[in-house]
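Below is one structure; the comments refer to it alone.
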Amino acid sequence: MKLIRLTIILTVWLALGLVGGWVAYQQITGKYVSEGEVALISETLSSTGLAQFARVSLMGSVDRELAAQTFQSLRVRERAAKTVGGITATQIADDLNVKTRDTSAIISIKMAADSPKRAAAIADALIDEAIRVDAEKRETTARNALEALSTRLVEVRKELDDVNARILQFNIDKGIMISDENERQQAITMAIADSERRLAELQVEQNALKSRLQQAADLIAAFNSKGELPSGFEFDDQERNYTLSEARRKLLDQESQLASLKSRYGSENPNTQAAQAEVETTKRAISDTLAMQRVRLASRLKDNEEAVKYFQAKLAATEENARKTDISLDPVYVGLKSQRDALQGSLSQLSTRFTELSVYAAARPVTMQRFSDPYVPEGRSKLKIVSALAVGLFVGGFFGLMHCVLSAGLVSKLQTYVAGR
């Protein structure tokens with residue numbers, strides 16, 4: 000009877016242990032954690048062209064911290080809470096864990112929830128909203144930058160127009176009709192170079208005319224003194240050269256015939272005298288032709304000398320005018336030109352940057368993209384349930400055994416036995 004009673008007591012305690020272990024397991028549930036990853040990237044303009052982009056991993060500590068702050072921002076948490084439902088932004092903040100990795104462009108997002116699917120859903124919503132919010136920030140930043148650049152471009156163009164107007168007025172006051180100093184200097188340089196080139200050509204021509212004129216004078220003197228016409232002298236036109244050549248041959252033939260007649264008939268012979276008259280006529284024709292050439296050469300030389308004087312005077316006047324109108328060292332002009340150069344440089348840089356930023360903004364660049372989707376964590380394992388029940392059985396069995404010992408009086412009997420010994 001006593002054995003049955005002890006068995007019942009032990010069974011009751013074991014049952015109570017099982018029930019207690021199950022209740023404890025139900026009460027101490029824990030939370031399920033889902034993890035997703037995001038890669039930090041940047042789509043920047045490549046060196047091959049404005050319309051092409053290159054993806055570069057952002058691995059700086061500042062980039063990682065800014066991305067982590069985006070996930071933890073109230074705006075992202077509120078949007079994610081609204082998407083999932085049944086949770087607040089504060090609750091998300093309590094269960095959210097964002098981890099960055101040194102020297103890595105990957106950010107880990109861990110979200111805890113009461114159920115596996117809910118943890119994955121909240122983590123997924125957080126990633127979506129963070130990427131969306133980041134894109135909105137980038138778009139807003141690019142738009143604001145474009146507006147600022149556009150305003151600055153207008154200001155710089157206005158300043159440049161004002162400086163150009165002041166330079167134009169300065170040149171007008173100085174009597175200079177060309178507003179741009181570089182263009183004016185270029186025009187003067189071209190005028191001087193043209194005058195020098197023309198003057199050099201005239202001087203070469205003058206030397207040639209003087210040489211030919213002296214040659215003609217020597218030829219005439221030799222012809223008049225000796226009555227001979229040596230070869231080697233040429234006129235400027237082919238027709239006159241042909242005439243002189245024919246006259247030379249004719250004179251040689253006539254002189255040969257005259258010499259023959261003189262040797263045969265003597266100087267008093269009518270035929271000899273007629274031949275002598277023909278020779279004299281030919282010589283006069285040649286002398287007149289040579290004299291006309293000398294006059295022609297002298298006239299050309301005179302015209303050449305006048306042209307040389309004209310271009311020498313023109314060159315001197317151009318150089319003098321260049322010295323008088325040279326404003327390159329004028330402090331007022333130097334200051335205005337320096338302002339204009341600086342404004343033109345700024346305008347060029349701003350225009351380039353505006354074009355690049357316009358293309359960049361139109362492409363809607365991003366700095367985050369999914370690297371791995373949040374996974375659904377596993378449910379409670381059978382091992383955990385068995386472990387909880389085993390702990391309950393152990394506790395229940397322990398208390399049941401203690402109850403049996405105390406109920407049977409085994410302790411007092413043991414004490415009596417020890418005392419009797």
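Numbering-wise (numbering that gives the first Met the number 0), the sequence shown opens with residue 0 and increments by one.
Backbone N, C-alpha and C fix where the C-beta goes; we use that ideal spot for every residue, glycine too.
Status (buried if at least 16 other CB within 10 Å, exposed otherwise) for G35: Here residue 35 corresponds to residue number 36 of the sequence shown, with the count starting at 1. Buried: at least 16 other Cβ atoms inside 10 Å.
7 Å CB neighbourhood of R198 in its chain, flanking five on each side removed: Position 199 of the sequence shown, counted from the first residue, corresponds to residue 198. Residue identity check: residue 198 is Leu in the sequence provided, not Arg. Hits under 7 Å: V307, F310, Q311, L314.
Contact under 8 Å by Cβ, T288 with Q253: The residue labelled residue 288 in the question sits at position 289 within the sequence shown. The residue labelled residue 253 in the question sits at position 254 within the sequence shown. Not closer than 8 Å, so no.
The stretch 339 to 356 contacting the stretch 148 to 156, beta-carbon criterion three pairs below 8 Å: yes
Three CB pairs or more closer than 8 Å across the stretch 296 to 307 and the stretch 202 to 218: yes
Test item: CB-CB of T354 and R137 under 8 Å: Counted from its first residue, the sequence shown places residue 354 at position 355. Counted from its first residue, the sequence shown places residue 137 at position 138. Contact: no.
Other residues of its chain near A246: CB distance less than 6 Å, five sequence neighbours each side excluded: As a working mapping, residue 246 is identified with position 247 in the sequence shown. Cβ within range, chain order: I285.
I106 to A88 span [Cα, whole Å]: Here residue 106 refers to the residue found at position 107 of the sequence shown. Here residue 88 refers to the residue found at position 89 of the sequence shown. Rounded to whole angstroms, I106 to A88 spans 21 Å at the Cα level.
Opening and closing residue of the beta strand (DSSP E) in which N96 lies: Counting from 1 along the sequence shown, the entry for residue 96 is found at position 97. Taken as a continuous stretch (DSSP letters only), the beta strand (DSSP E) holding N96 covers 95 to 99.
Nearest-angstrom Cβ-Cβ length linking S39 and R63, presumed shorter than 8 Å: Indexing the sequence shown from 1 puts residue 39 at position 40. Indexing the sequence shown from 1 puts residue 63 at position 64. The displayed chain sequence assigns Leu, not Ser, to residue 39. That belief holds up - the Cβ atoms of L39 and R63 are roughly 7 Å apart, short of 8 Å.
Three-way DSSP call (helix, strand, coil) for A104 in this model: The residue given as residue 104 occupies position 105 in the sequence shown. A104 falls in the coil class under three-state DSSP.
G344 in three-state terms, based on DSSP: As a position in the sequence shown, residue 344 is number 345, starting the count at 1. Three-state result, G344: helix.
Three or more C-beta pairs below 8 Å linking the stretch 113 to 133 and the stretch 66 to 80: yes
Residue range of the beta strand (DSSP E) that includes S371: One-based indexing of the sequence shown puts residue 371 at position 372. From DSSP, the beta strand (DSSP E) with S371 extends over 367 to 371.
N-terminal and C-terminal residue of the alpha helix (DSSP H) that I86 is part of: In the sequence shown, residue 86 corresponds to position 87, counting from 1. Note, I86: premise wrong, no alpha helix (DSSP H); not H, not E.
Local conformation of E36 per DSSP, three classes: For the purposes of this step, residue 36 is taken as residue 37 along the sequence shown, with counting starting at 1. In the structure shown, E36 sits in a strand (DSSP, three-state: E or B).
DSSP state of K301 mapped onto helix, strand, coil: For the purposes of this step, residue 301 is identified with residue 302 of the sequence shown, where counting begins at 1. In the structure shown, K301 sits in a helix (DSSP, three-state: H, G or I).
Inter-residue Cα distance where the pair is Q51 and V358: For the purposes of this step, residue 51 is identified with residue 52 of the sequence shown, where counting begins at 1. For the purposes of this step, residue 358 is identified with residue 359 of the sequence shown, where counting begins at 1. Reliability fails at Q51, whose pLDDT of 45 lies under 50, so the model's placement of it is uncertain and no value is given.
Segment contact, 8 Å Cβ cut-off, at least three pairs: the stretch 160 to 168 with the stretch 327 to 346: yes
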